[in-house]
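I have placed the structure first, in the form of structure tokens, so that the comments after it can refer back to it.
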Amino acid sequence: MFGHYLKCAKEQPPTEDPKLSIKPFCTDETGMKFRNRQNWVSDNCTKKNVCYFGVIHTEPLACPKNGICKGEYDQLRCGCQKGFRLVGGKWCVKI
């Protein structure tokens, strides 16, 4: 979805002076700032977000079966429960 949005956004004519409307960052509801085109996961790994010129675009996210939401380096991500290993970035397989 994000790639498609970026392509569509490039093809639209500007509605105002681009120098005035482009913001180099986004601020989420918690007050955290994100750079333009930066991706992050929020709300206990239920949302995937991207900052695009000052606007946050969000789509649903779900961790895989036997997966858990982990916080690492101040970032959330889906991981696997103990005894499982992430394969292909999509499945938690019993080890």
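Taking our numbering, the leading residue of the sequence shown gets 1199, the next gets one more, and so forth.
Glycine included, C-beta positions come from ideal geometry on N, C-alpha and C.
Just so it is clear, the structure is predicted and the values come from calculations on it, not from any experiment.
Three-way DSSP call (helix, strand, coil) for residue i in this model
| i | result |
| --- | --- |
| Q1236 | coil |
| Q1273 | strand |
| G1265 | strand |
| T1228 | coil |
| F1282 | strand |
| H1202 | Confidence is the limiting factor: at H1202 the pLDDT is only 47, short of 50, which leaves the residue's position unreliable, though a coordinate-based value still follows. Note: H1202 maps to helix in three-state DSSP. |
Opening and closing residue of the beta strand (DSSP E) in which residue i lies
| i | result |
| --- | --- |
| T1244 | No beta strand (DSSP E) contains T1244, which DSSP labels as neither H nor E. |
| K1288 | Per DSSP, K1288 belongs to no beta strand (DSSP E) and is neither H nor E. |
| I1254 | V1253 to P1258 |
Straight-line Cα distance separating residue j from residue i
| i | j | result |
| --- | --- | --- |
| C1224 | G1281 | 38 Å |
| Y1203 | C1243 | No answer about Y1203 holds up, because its pLDDT of 47 lies below 50 and its placement is not dependable. |
| R1283 | W1238 | 22 Å |
| L1274 | K1246 | 10 Å |
Nearest candidate by alpha-carbon position, reference residue i, set the options
| i | options | result |
| --- | --- | --- |
| N1234 | V1291, I1220, L1274 and N1264 | I1220 |
| L1259 | G1269, C1276, K1268 and Y1271 | C1276 |
| D1241 | G1269, K1292 and I1293 | G1269 |
| G1265 | T1228, N1237, K1292 and G1229 | K1292 |
| P1262 | K1231, M1230 and Q1279 | Q1279 |
Stretch pair the stretch 1286–1293 + the stretch 1237–1256: three plus CB contacts closer than 8 Å: Too few Cβ pairs lie closer than 8 Å, so no.
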